[in-house]
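In full-length UniProt numbering, the protein residues as written are 1 to 200.
Each residue gets a CB set at the ideal place from its N, CA and C atoms; glycine is no exception.
Predicted model, so just to flag it, every value in this text is computed and none were measured.
First the structure, in the form of structure tokens, and then the observations on it.
This is the structure:
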């Protein structure tokens, strides 16, 4: 009979996320992970597998508590246009509020992954596509309700918003300047005839 786990999975995954988020996947050693998670290397391997498997699990944990939850919360709003604007506003505030300039773990991971790891690239692509899909669904829903101009191609509009968001998240790591980040978001929203971002 398998032994019950003797650790708080949420707490150890939070620790793994923090280490990967701060240092990146390649620069993080398994010994550093063990130190942060307060687990032995053997325990980590038994519970999560190798470093790559742990990274995938930690990233899933991060996404469950951040991106996926945020998309659900904003998509539940009555106004699709305000859902888009609010999502961008929240992304900017999260970027500006990060004193360590760590950015978004998902975006950072996408920048770090190599062509030699097609499985991880596919996983990251699928997760990033959820953001583009959120923007696309909001545009379609807004056009149906008259909240968003019908002249916009939903696919192109979603791509523009998605690209703008990625640019904001990357820029924030180097130049966390409110005017810069808000200007990028305002330009994208205005070009599509979408509502302005709410005040911070």
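What residue from the options has the CA that sits closest to residue i's CA?
i: residue 168; options: 10, 107, 61; result: 107
i: residue 145; options: 82, 101, 90, 65; result: 82
i: residue 182; options: 114, 130, 91, 149; result: 91
i: residue 99; options: 41, 22, 15, 63; result: 22
i: residue 113; options: 73, 27, 84; result: 27
i: residue 201; options: 101, 84, 126; result: The requested residue 201 does not occur in the structure, where the chain is confined to residues 1 to 200.
i: residue 140; options: 155, 128, 127; result: 155
i: residue 129; options: 150, 161, 152; result: 161
With a cut-off of 8 Å on the beta carbons, I'd call residue i and residue j a contact; round off their distance for me.
i: residue 191; j: residue 147; result: With a Cβ gap of about 16 Å, residue 191 and residue 147 do not count as contacting.
i: residue 93; j: residue 198; result: Contact doesn't hold; Cβ gap of about 10 Å is too wide.
i: residue 58; j: residue 13; result: 6 Å
i: residue 96; j: residue 178; result: 6 Å
i: residue 105; j: residue 17; result: 7 Å
Quick one: is residue i buried, meaning 16 or more other Cβ sit within 10 Å of its Cβ, or exposed?
i: residue 136; result: buried
i: residue 201; result: Outside the shown range of the chain, which is 1 to 200, sits residue 201, and nothing can be said about it.
i: residue 38; result: exposed
i: residue 19; result: buried
i: residue 194; result: buried
i: residue 89; result: buried
i: residue 174; result: exposed
i: residue 142; result: buried
i: residue 41; result: exposed
Tell me the DSSP secondary structure of residue i in three-state form.
i: residue 41; result: helix
i: residue 25; result: coil
i: residue 198; result: coil
i: residue 51; result: helix
i: residue 7; result: coil
i: residue 98; result: coil
i: residue 170; result: helix
i: residue 104; result: coil
i: residue 77; result: coil
i: residue 145; result: helix
i: residue 115; result: coil
i: residue 179; result: helix
i: residue 155; result: helix
i: residue 19; result: helix
i: residue 91; result: helix
i: residue 161; result: helix
i: residue 66; result: coil
i: residue 150; result: coil
i: residue 192; result: coil
i: residue 12; result: helix
Less than 8 Å between the C-beta atoms of residue i and residue j, yes or no?
i: residue 65; j: residue 172; result: no
i: residue 132; j: residue 116; result: no
i: residue 25; j: residue 109; result: yes
i: residue 36; j: residue 11; result: no
i: residue 189; j: residue 85; result: yes
i: residue 63; j: residue 127; result: yes
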